[in-house]
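Number of protein chains: 2
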Amino acid sequence: MKRPTMQDIAQRAGVTKGAVSFALNGRPGVSEPTRRRILAIAEELGWQPNSAAVALSDGRANAFGLVVDRPARTLGLEPYFMQLISGIQAELSATGTPLLFTVADDQLAEIATYRSWWGRRRVDGVFLVDLRVDDARVPVLEELGMPTVAIGMPQAAGSLPAVWTDDAAAARTALGHLAGLGHRRIARVAGPEQLLHTRIRTEAFAACAWELGVEYRTVASDYSGEQGAAATRELLLGPRRPTALVYDNDVMAVSGLTAAQGLGLRVPADVSMLAWDDSALCELVHPPLTALSRDIAEHGAHAARVLRQAAGGADCGDLRDPDPVLTLRGSTAAPVGEDQS
Amino acid sequence: MKRPTMQDIAQRAGVTKGAVSFALNGRPGVSEPTRRRILAIAEELGWQPNSAAVALSDGRANAFGLVVDRPARTLGLEPYFMQLISGIQAELSATGTPLLFTVADDQLAEIATYRSWWGRRRVDGVFLVDLRVDDARVPVLEELGMPTVAIGMPQAAGSLPAVWTDDAAAARTALGHLAGLGHRRIARVAGPEQLLHTRIRTEAFAACAWELGVEYRTVASDYSGEQGAAATRELLLGPRRPTALVYDNDVMAVSGLTAAQGLGLRVPADVSMLAWDDSALCELVHPPLTALSRDIAEHGAHAARVLRQAAGGADCGDLRDPDPVLTLRGSTAAPVGEDQS
DNA sequence: GGTTATCGCAAAACCGGTTCAGCAGTATCA
DNA sequence: TGATACTGCTGAACCGGTTTTGCGATAACC
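What follows is the structure in structure tokens.
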């Protein structure tokens with residue numbers, strides 16, 4: 001019933017704990033016959049190292065952490081995090097390193113979690129997501145000296161290594177596509193303004209629209225379906241109705257599509273729609289949504305690799321993942337040329 | 342830079358580690374003035390207990406685990422898990438107990454994870470989800486003696502305590518609602534047949550339909566949007582078209598709705614739709630989906646409470662949560678009386 | 001053949017907590 | 001006044017690993 005320890009193995013083999021340790025870790029210090037004998041006994045007893053003892057001894061927790069502080073309600077809908085986590089796992093499971101995952105109520109609670117995890121040596125490092133402008137978490141993590149990899153723009157990551165994709169490039173891709181189809185009046189339903197990448201996108205869209213000579217407008221939102229639909233109605237019912245809409249996440253795009261159809265508008269005939277971040281959600285609806293796609297799981301795996309290096313003491317640089325690509329589906333098309341002034 | 346230990350506190354206070362331990366844990370053995378002095382020093386030094394040392398000493402990991410082995414692609418869409426996790430966290434965070442969360446490729450990998458976590462004492466217990474008929478994981482967990490709470494039907498949980506809702510009752514609620522509206526030909530797009538609750542629902546639907554004198558049919562599916570849409574098209578284009586459809590999850594319901602509308606059918610005029618498990622997804626679409634709602638986060642919190650008891654050595658019984666209730670939205674209505682034979 | 005490496009292992013310290021046995025010193029009581 | 005109890009702390013063992021030091025025996029070398 002009781003789990004076997006190295007002491008048990010040592011007794012059976014007639015050696016000391018130390019010898020068993022050497023044998024099991026493949027280190028010099030024991031003869032080959034003895035090593036085999038010890039390994040056989042360990043196998044027979046089903047021995048597994050006690051993680052607490054290992055952690056205490058070598059001073060590392062052999063675990064990483066991830067805290068998210070979005071409300072659970074919107075969190076559940078975001079395919080993003082599950083994909084990210086599964087990508088992280090895919091990389092971490094190679095070394096059997098588990099992930100501590102927690103949802104926090106707000107940023108203060110999130111920071112408290114970091115302090116606790118690090119103070120108690122529960123983790124060797126953390127993934128930092130949803131980077132904000134002037135992010136309060138960054139200086140805390142820097143001060144703690146906790147190995148961290150920021151998943152997001154390097155500008156917001158301070159001295160922390162960042163794993164990121166170029167949102168400005170993606171913005172140009174999206175706008176280029178729509179402008180190429182002939183759209184001259186384009187609006188975007190954006191994510192929360194506190195998030196740095198929202199700001200980056202906004203600037204990139206504005207700059208690119210200027211260059212292309214198209215009218216462009218940003219409407220702030222919060223990633224939720226409700227606000228996505230509300231923003232959509234406001235834009236479609238207001239003056240100078242845009243002929244194309246870009247959404248900062250797939251949830252808002254879906255609810256925006258529904259809202260537009262509820263107004264009696266046809267997509268894409270009357271208005272084109274484009275989602276930023278692709279997921280199965282975009283294929284669920286009709287018409288399926290044209291989207292900016294990237295491999296989020298792969299992104300997570302990269303982040304995990306960088307974090308492992310950082311926790312190992314290396315000071316890693318930023319890692320830029322490939323630009324998102326456009327997945328063309330049925331929700332974007334040339335605008336019908338009615339009152340195209 | 343180095344984290345302070347109890348030894349550091351002891352030195353400053355001029356006492357031994359043991360005294361410090363008593364003081365910090367609020368146990369008798371030190372005088373009140375000494376205790377206050379020690380607490381003050383600990384506070385000043387920002388001391389936090391090393392979790393590995395605590396775990397090694399008291400033989401408990403102070404962490405629980407959750408493994409999911411659905412493919413990441415469908416996982417991301419399911420609001421269910423995020424809500425469940427956030428509910429679990431809400432309960433666990435009270436004691437500062439973190440959750441180890443992992444996605445596994447298949448059941449074998451999941452079982453291997455349990456063996457590893459338990460063998461290495463990484464967790465004090467686990468939450469078991471997606472219970473199947475003749476679930477291979479149950480006997481393994483029983484044999485390991487690992488504290489476990491099954492989230493699902495007691496019938497599939499063996500000797501493990503289960504936290505569950507009565508799916509049969511919910512099935513009657515759903516069918517009663519539709520029959521009450523006048524529907525006489527109803528089909529259900531079910532989840533994976535290996536899952537026990539799918540089978541329970543199927544039986545309950547069949548029995549209840551028999552009693553109510555309505556035609557009923559189950560079509561197997563896999564929870565994915567693709568299959569949900571395919572099953573919907575098959576049912577709506579086949580002979581004896583049903584006037585109402587029930588979906589075993591919200592993702593399939595949404596894609597089924599889209600599929601029906603793609604066929605030129607109006608919901609709910611031509612066909613009513615009802616989703617099992619409510620989420621923001623159901624409100625995202627048009628018409629919003631009538632759904633069987635339950636408080637999943639609360640469900641998770643209950644499971645966490647039971648697991649903590651189980652890990653504490655108590656042998657707990659099953660815990661039944663309230664039956665799901667029907668949230669009426671726009672997707673169900675009386676059938677138009679055309680050829681209602 | 002004596003010195004020096006090298007090998008194979010024992011013994012013990014260490015990581016940072018918890019806990020138990022023991023021991024002075026004071027208080028209680030007969 | 002001596003036995004008894006209690007208080008407040010010390011010292012040490014313990015949890016289960018890793019790592020360092022040391023020692024006897026054999027092998028290599030000049």
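Protein sequences appear in the order of chains A and B. The first sequence runs 1 to 341 under the working numbering. The second sequence runs 342 to 682 under the working numbering. Backbone N, C-alpha and C define an ideal beta-carbon position, used for all residues, glycine too.
Residues in the same chain with beta-carbon distance under 8 Å from B:R529, minus the five sequence neighbours each way, listed in chain order, please. In the second sequence, residue 529 of chain B corresponds to position 188, counting from 1. Excluding its 5 nearest sequence neighbours in each direction, B:R529 has C-beta neighbours in its own chain below 8 Å: R542, T543, F546, Y557, R558, T559, V560, L586, V587, Y588 and D589, listed in chain order.
Cβ shell of B:D680 (< 8 Å), same chain only, five flanking positions each side left out: Here residue 680 of chain B corresponds to residue number 339 of the second sequence, with the count starting at 1. Residue placement at B:D680 cannot be trusted, given a pLDDT of 48 that sits under 50; the coordinates are not used to answer.
Mapping the DSSP letters down to three states, classify A:T290 as helix, strand or coil. By 1-based counting over the first sequence, the position of residue 290 of chain A is 290. Secondary structure of A:T290 (DSSP, three-state): strand.
I'd like to confirm the pairing. Which residues does DSSP put opposite A:L188 in its beta bridges? For the purposes of this step, residue 188 of chain A is taken as the residue at position 188 of the first sequence. The sequence as given places Arg at residue 188 of chain A; Leu does not occur at that position. Answer is A:T218 and A:V246, bridged to A:R188.
How would you list, in chain order, the residues of chain B whose beta-carbon sits under 8 Å from the beta-carbon of A:S116? Numbered from its first residue, the first sequence carries residue 116 of chain A at position 116. Proximity of chain B to A:S116 at the Cβ level (cut-off 8 Å) is accounted for by Q389 and G437, in chain order.
Exposure of B:A383, with buried meaning 16 or more beta-carbon neighbours within 10 Å: Sequence index remark: in the second sequence, residue 383 of chain B carries index 42 (1-based). It counts as buried.
Secondary structure at A:M146, three-state DSSP: helix, strand or coil? The residue given as residue 146 of chain A occupies position 146 in the first sequence. Of the three classes helix, strand and coil, the one that applies to A:M146 here is coil, per DSSP.
Around the Cβ of B:P676, are there at least 16 other Cβ atoms within 10 angstroms (buried) or fewer (exposed)? Here residue 676 of chain B corresponds to residue number 335 of the second sequence, with the count starting at 1. Result: buried.
Is B:Q448 close to chain A, meaning its C-beta is less than 8 Å from at least one C-beta of that chain? On the second sequence, residue 448 of chain B is found 107 positions in, with the first residue counted as 1. Not one chain A Cβ lies under 8 Å of B:Q448.
Alpha-carbon to alpha-carbon, B:V595 and B:L625: The residue given as residue 625 of chain B occupies position 284 in the second sequence. The residue given as residue 595 of chain B occupies position 254 in the second sequence. Cα-Cα distance, rounded: 9 Å.
The beta strand (DSSP E) spanning B:T668 covers which residue range? As a first step, residue 668 of chain B is located in the second sequence; it is residue number 327 there, counting from the start. Where B:T668 is concerned, the enclosing beta strand (DSSP E) stretches over V666 to T668.
Would the beta-carbon of A:T332 fall within 8 Å of that of A:L178? Taking the first sequence and counting its residues from 1, the one referred to as residue 332 of chain A is at position 332. Taking the first sequence and counting its residues from 1, the one referred to as residue 178 of chain A is at position 178. It is a contact, given that the beta carbons lie within the stated cut-off.
Please name the residue in B:P420, B:D410 and B:T436 whose C-alpha comes closest to that of B:F442. Taking the second sequence and counting its residues from 1, one reaches residue 442 of chain B at position 101. Looking from the CA of B:F442, the closest CA among B:P420, B:D410 and B:T436 belongs to B:D410.
Within its chain, find whatever has a CB closer than 8 Å to the CB of B:S427; leave out the 5 residues flanking it on each side and keep chain order. Here residue 427 of chain B refers to the residue found at position 86 when the second sequence is read from its first residue. Exclusion of the five residues before and after B:S427 leaves A638 and G641 as the residues of its chain whose Cβ lies within less than 8 Å of its Cβ.
Taking CB distances under 8 Å as the criterion, tell me whether A:V103 reaches chain B. If you number the first sequence from 1, residue 103 of chain A lands on position 103. Cβ-Cβ to chain B under 8 Å: yes for A:V103.
Check whether the Cβ of B:A402 lies closer than 8 Å to any Cβ atom in chain A. In the second sequence, counting from the first residue as 1, residue 402 of chain B sits at position 61. Taking CB atoms only, B:A402 has a neighbour in chain A less than 8 Å away.
Beta carbon of A:R294 nearer than 8 Å to that of A:L195: Within the first sequence, residue 294 of chain A is the residue found at index 294, counting from 1. Within the first sequence, residue 195 of chain A is the residue found at index 195, counting from 1. Cβ distance not < 8 Å, so A:R294 and A:L195 don't count as in contact.
Assign A:Q261 to buried or exposed, taking buried as 16 or more other Cβ atoms, counted over all protein chains shown, within 10 Å of its Cβ. Start at 1 with the first residue of the first sequence, and residue 261 of chain A comes out as number 261. With 16 or more other Cβ atoms inside 10 Å of its own Cβ, A:Q261 counts as buried.
Of all the CB atoms in chain B, is at least one closer than 8 Å to the CB of A:M273? Locating residue 273 of chain A in the first sequence gives position 273, where the first residue counts as 1. For A:M273, not one C-beta of chain B is nearer than 8 Å to its own C-beta.
Looking at chain B, is there any beta carbon in it that lies within less than 8 Å of the beta carbon of A:A334? Reading the first sequence from its first residue, position 334 is the one you call residue 334 of chain A. Chain B, which has no Cβ nearer than 8 Å to the Cβ of A:A334, makes this no.
Whole-angstrom Cβ separation of B:P488 and B:G658, contact assumed at under 8 Å? To locate residue 488 of chain B, count along the second sequence from 1; it is residue 147. To locate residue 658 of chain B, count along the second sequence from 1; it is residue 317. 14 Å between Cβ atoms; not a contact.
Please check if any C-beta of chain B sits within less than 8 Å of the C-beta of A:M82. The count along the first sequence starts at 1 and reaches residue 82 of chain A at position 82. The beta carbon of A:M82 falls within 8 Å of a beta carbon belonging to chain B, placing the residue at that interface.
Contact list for B:V470 against chain A, beta-carbon separation under 7 Å: Reading the second sequence from its first residue, position 129 is the one you call residue 470 of chain B. Near B:V470 there are no residues of chain A at all, since even the closest Cβ is about 14 Å away, more than 7 Å.
State the DSSP-derived secondary structure class of A:D40, mapped to helix, strand or coil. To locate residue 40 of chain A, count along the first sequence from 1; it is residue 40. Correcting the residue type first, residue 40 of chain A is Ala in the shown sequence and not Asp. Shown here, A:A40 sits in a helix according to DSSP, grouped into three states.
How about A:L56 and B:A655: are their beta carbons less than 8 Å apart? In the first sequence, counting from the first residue as 1, residue 56 of chain A sits at position 56. In the second sequence, counting from the first residue as 1, residue 655 of chain B sits at position 314. The criterion of a C-beta distance shorter than 8 Å is not satisfied by A:L56 and B:A655.
Candidates A:V149, A:A170, A:A156 and A:V214: which alpha carbon is nearest A:L181's? Translated into positions along the first sequence, residue 181 of chain A becomes position 181. Its Cα nearest to that of A:L181, the residue A:V214 stands out among A:V149, A:A170, A:A156 and A:V214.
Please classify B:T357 as buried or exposed, where buried requires at least 16 neighbouring CB atoms within 10 angstroms. For the purposes of this step, residue 357 of chain B is taken as the residue at position 16 of the second sequence. Counting every other CB atom within 10 Å of its CB across the protein chains shown gives B:T357 a total below 16, marking it as exposed.
Using three-state DSSP, classify A:A253 as helix, strand or coil. As a first step, residue 253 of chain A must be located in the first sequence, where it is residue number 253. A:A253: helix per DSSP, three-state reduction.
Nonlocal neighbours in the same chain, by C-beta distance under 6 Å from B:H627, ignoring five residues either side: The count along the second sequence starts at 1 and reaches residue 627 of chain B at position 286. Excluding residues within five positions, none has a Cβ falling inside 6 Å.
Should A:L100 be flagged as near chain B, meaning a C-beta pair shorter than 8 Å? Numbered from its first residue, the first sequence carries residue 100 of chain A at position 100. Look at A:L100: its C-beta is under 8 Å from a C-beta on chain B.
Mind pulling the chain B residues with CB within less than 8 Å of A:T258? Walking along the first sequence from the start, residue 258 of chain A turns up at place 258. For A:T258, the C-beta contacts it makes with chain B under 8 Å involve L625, V626 and H627, in order along the chain.
So, is the C-beta of B:R420 closer than 8 Å to a C-beta in chain A? In the second sequence, counting from the first residue as 1, residue 420 of chain B sits at position 79. The residue asked about is misnamed: residue 420 of chain B is Pro in this sequence, not Arg. Interface residue (Cβ-Cβ distance to chain A less than 8 Å): B:P420 is classified as such.
So, under 8 Å CB-CB, B:P583 and B:R526 are touching, yes? Tell me the CB distance rounded to an integer number of Å. Position 242 of the second sequence holds residue 583 of chain B. Position 185 of the second sequence holds residue 526 of chain B. About 5 Å; that satisfies the 8 Å criterion.
Anyone know if the C-beta pair for A:S159 and A:E142 falls short of 8 Å? For this step, residue 159 of chain A is matched to residue 159 along the first sequence. For this step, residue 142 of chain A is matched to residue 142 along the first sequence. Result yes, Cβ atoms of A:S159 and A:E142 sit closer than 8 Å.
Show which residues of chain B have a CB atom less than 7 Å away from the CB atom of A:R122. Here residue 122 of chain A corresponds to residue number 122 of the first sequence, with the count starting at 1. Against chain B, a Cβ distance below 7 Å from A:R122 picks out S392 and P439.
Cutoff 8 Å: B:Q568 Cβ touching any chain A Cβ: Here residue 568 of chain B is taken as the residue at index 227 of the second sequence, counted from 1. It does not: the Cβ of B:Q568 has no partner Cβ on chain A nearer than 8 Å.
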